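> Residue numbers (the numbering used here): 478 to 677.
The C-beta atom is built at its ideal place from N, Cα and C for all residues, glycine as well.
If you're wondering where the values come from, they're calculated on a predicted model, not measured in any experiment.
Have a look at this one.
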């Protein structure tokens with residue numbers, strides 16, 4: 478029993494390292510990579526749950542050089558605030574690793590925007606000559622899954638993801654964390670300013 482649990486924990490720990498250090502964005506992909514590296518088979522007993530990975534990531538962050546980690550986290554949050562102030566017409570919310578405190582050097586800053594038309598956000602960026610890439614991401618909102626526009630851009634070598642939801646608010650408010658299946662934690666501009674002010 479001990480060996481099984483130990484291997485499962487090792488997979489969780491390696492997954493956490495991949496998420497933080499190598500910038501993996503998807504628990505499932507990172508978990509598969511970790512299991513492969515450790516020679517762990519696909520049996521359920523060796524596969525940590527998303528909750529176990531989430532805990533391992535929080536534990537991993539606690540073991541880091543805190544001055545370095547806090548400096549990186551502060552940078553990500555400052556970039557998020559700058560982007561949110563620029564994107565204020567689209568009711569931006571911060572979510573993801575910059576909010577929950579697990580942002581690694583290669584993590585993306587993730588913002589949720591609301592717009593009547595996705596093109597409005599594109600025009601807003603183009604007017605300021607800000608280069609970006611357009612993609613889509615599948616998001617689970619309530620019981621439904623749908624694809625929403627995703628814009629990627631860089632600020633001071635930090636990737637910023639802009640998820641664009643319809644401005645009726647339903648999809649963005651009910652969006653679930655694809656990694657844990659739980660409701661997403663979000664912070665508006667005022668809340669992020671408070672979080673930054675409280676940082677060392």
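1) Just the C-alpha distance for residue 547 and residue 590, rounded to the nearest angstrom, thanks.
2) From residue 636 to residue 523, what does the alpha carbon distance come to, in whole angstroms?
3) Using only the alpha-carbon positions, how far apart do residue 544 and residue 554 sit?
4) Rounded to whole angstroms, what is the Cα-Cα separation between residue 615 and residue 570?
5) Taking 8 Å as the threshold, find out whether the region 508-523 comes into contact with the region 620-640 through three or more Cβ pairs.
6) Please report the Cβ distance between residue 534 and residue 511, rounded to the nearest whole angstrom; I am assuming they are in contact, meaning their Cβ atoms lie under 8 Å.
7) Quick one: is residue 665 buried, meaning 16 or more other Cβ sit within 10 Å of its Cβ, or exposed?
8) Since I believe residue 499 is in contact with residue 583 (beta carbons under 8 Å), could you give me their beta-carbon distance rounded to a whole number of angstroms?
9) Excluding the five sequence neighbours on either side, which residues of its own chain have a C-beta within less than 7 Å of the C-beta of residue 561, listed in chain order?
10) For the alpha helix (DSSP H) containing residue 563, list its first residue and its last residue.
Looking at the coordinates:
1) Here residue 547 corresponds to residue number 70 of the chain shown, with the count starting at 1. Here residue 590 corresponds to residue number 113 of the chain shown, with the count starting at 1. Approximately 26 Å between the Cα atoms of the pair.
2) On the chain shown, residue 636 is found 159 positions in, with the first residue counted as 1. On the chain shown, residue 523 is found 46 positions in, with the first residue counted as 1. Cα-Cα distance, rounded: 33 Å.
3) As a working mapping, residue 544 is identified with position 67 in the chain shown. As a working mapping, residue 554 is identified with position 77 in the chain shown. So the alpha carbons of these two residues sit roughly 15 Å apart.
4) Counted from its first residue, the chain shown places residue 615 at position 138. Counted from its first residue, the chain shown places residue 570 at position 93. Counting only the Cα atoms, residue 570 lies some 18 Å from residue 615.
5) no
6) Residue 534 sits at position 57 when you count from the first residue of the chain shown. Residue 511 sits at position 34 when you count from the first residue of the chain shown. About 12 Å separates the two Cβ atoms, so there is no contact after all.
7) If you number the chain shown from 1, residue 665 lands on position 188. By the neighbour-count criterion, in which a residue is buried when 16 or more other Cβ atoms sit within 10 angstroms of its Cβ, residue 665 is exposed.
8) Your numbering for residue 583 matches position 106 in the chain shown. Your numbering for residue 499 matches position 22 in the chain shown. Sure, about 7 Å apart at Cβ, within 8 Å.
9) Here residue 561 refers to the residue found at position 84 when the chain shown is read from its first residue. 569, 571, 588, 666, 669.
10) Here residue 563 refers to the residue found at position 86 when the chain shown is read from its first residue. Taken as a continuous stretch (DSSP letters only), the alpha helix (DSSP H) holding residue 563 covers 543-563.
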